[in-house]
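Taking it in order: structure first as structure tokens, then the write-up.
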Amino acid sequence: TIQSLQSKQQNVESMKAQLAVTESHLEDWVSDVKEWAEATTNTSTNDVDALASRIEVLVTSIKRRSQRLYKDTDGNKGRARIRRKIREEKGILTSVVEKYNKIVPSTESLCMETIVSGETAWPWQLPHSVRRLEEEKKNILVLEMDHYWKWLSTRAKTSQELSSLLSNWPCGFSEEGLKGLQSIILRKQQNIREKKMQARDCYLRLLSGETAENMSFLHKPDDCDSDSDSSDDAL
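Below, the structure written as structure tokens:
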């Protein structure tokens, strides 16, 4: 296998010498064949995916040739040939871009100067990126919701335990002092309940479907009713 590869390499080198061509020429020929195959199958199509693929191939080729303008070792003749190929490809690209822009929404249309001048975020690649970003944002939001809800629930539980403790343990307070302290605790409990209701309503507006169903705390918690009843009894 190694001998076969070496033999083929020697054949290539021999052919290059006979035809007086450089590695750059060979790369151009290979590229031309690929582009010809692309052109014969995609130039006349109105399929968005095919046009998008053709645009990417042409832009990549134009940029590659533009870079080689300053690296080519064949002198003025070689650079003139590269410039001619760039002009030809830009002509084809202009035609393909015009066809593409006619069949896509205006928000997804392409500008020739933009796509050949630098790095381009292709509009047909953006939907996936946007969906992934939205999914990541939603996951972060759900984690923050869960953390905040647990914090409110812990405060509610602590407040309820303190209220029960005061009811069963005189603590040396006068009757008026005990009622005052219980009144403060009940107001804090009411404030926590209101925050939980507000949080749940806000979360339900932001989330929907399976995500909301999987978050059990979004359903009306039992502690709201039980806390409310205990508050009425205490008062």
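Using the UniProt record's numbering, the letters of the sequence shown correspond one by one to residues 1 to 235.
Every residue, glycine too, gets a C-beta built ideally from N, C-alpha and C.
Buried or exposed: residue i, going by 16 or more other Cβ atoms within 10 Å of its Cβ?
{"i": "residue 80", "result": "exposed"}
{"i": "residue 221", "result": "Any answer about residue 221 is weak, because its pLDDT of 49 lies below 50 and its placement is not dependable; what the coordinates show is given next. Answer is buried; the Cβ neighbour count reaches 16."}
{"i": "residue 132", "result": "exposed"}
{"i": "residue 89", "result": "buried"}
{"i": "residue 165", "result": "exposed"}
{"i": "residue 122", "result": "exposed"}
{"i": "residue 86", "result": "buried"}
If we ignore side chains and look at the alpha-carbon of each, how far apart do residue i and residue j end up?
{"i": "residue 179", "j": "residue 167", "result": "10 Å"}
{"i": "residue 144", "j": "residue 157", "result": "20 Å"}
{"i": "residue 184", "j": "residue 201", "result": "26 Å"}
{"i": "residue 198", "j": "residue 142", "result": "16 Å"}
{"i": "residue 196", "j": "residue 104", "result": "46 Å"}
{"i": "residue 135", "j": "residue 203", "result": "16 Å"}
{"i": "residue 52", "j": "residue 78", "result": "30 Å"}
{"i": "residue 10", "j": "residue 99", "result": "45 Å"}
{"i": "residue 7", "j": "residue 110", "result": "47 Å"}
{"i": "residue 205", "j": "residue 154", "result": "24 Å"}
{"i": "residue 49", "j": "residue 138", "result": "30 Å"}
{"i": "residue 176", "j": "residue 149", "result": "34 Å"}
{"i": "residue 124", "j": "residue 102", "result": "15 Å"}
{"i": "residue 186", "j": "residue 140", "result": "33 Å"}
{"i": "residue 91", "j": "residue 146", "result": "56 Å"}
{"i": "residue 84", "j": "residue 14", "result": "28 Å"}
{"i": "residue 76", "j": "residue 107", "result": "42 Å"}
{"i": "residue 114", "j": "residue 67", "result": "17 Å"}
{"i": "residue 174", "j": "residue 194", "result": "30 Å"}
{"i": "residue 47", "j": "residue 118", "result": "26 Å"}
According to the Cβ coordinates, are residue i and residue j closer than 7 Å?
{"i": "residue 93", "j": "residue 69", "result": "no"}
{"i": "residue 55", "j": "residue 116", "result": "no"}
{"i": "residue 96", "j": "residue 112", "result": "no"}
{"i": "residue 192", "j": "residue 162", "result": "no"}
{"i": "residue 82", "j": "residue 65", "result": "yes"}
{"i": "residue 159", "j": "residue 182", "result": "no"}
Worksheet item: Going along the chain, which unbroken runs of the alpha helix (DSSP H) with 4 or more residues stay wholly within the segment 112-163?
Response: 112-117
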